[in-house]
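Note that the sequence shown covers residues -16 to 50 in the working numbering.
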Amino acid sequence: MVCYVNNTPHETTDNQWLADLLANLGQTQTRGLAVAVNDSVVPRAEWATHAVQPHDRILLIRATQGG
């Protein structure tokens, strides 16, 4: 199935959890990472139980600091 991560199409397996998709994308450092699916923020506590659906639009936002 295809989902879109930051507007880039990604082929993924059916029945994949959001946490697994993030790991497959190399997002192992989750501190400072926010995830929205179809314009709704998914709390970190729900990443392991949130099923990715075909054509989901997933937005990854990483907090940075600096001046």
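Glycine included, every Cβ here is placed at the ideal spot set by N, Cα and C.
- Note: His(-7) is bridge-paired with Cys(-14) in the DSSP secondary-structure output.
- For Leu8, no alpha helix (DSSP H) segment is defined, and its DSSP state is neither H nor E.
- Within the same chain, Cβ atoms closer than 7 angstroms to the Cβ of Gly15 are found at Arg45, Ala46, the five residues on either side in sequence being excluded.
- In this structure, the straight-line span from the alpha carbon of Val35 to that of Leu1 is close to 6 angstroms.
- Linking Thr32 to Gly49 through their CA atoms gives a straight-line distance of about 33 angstroms.
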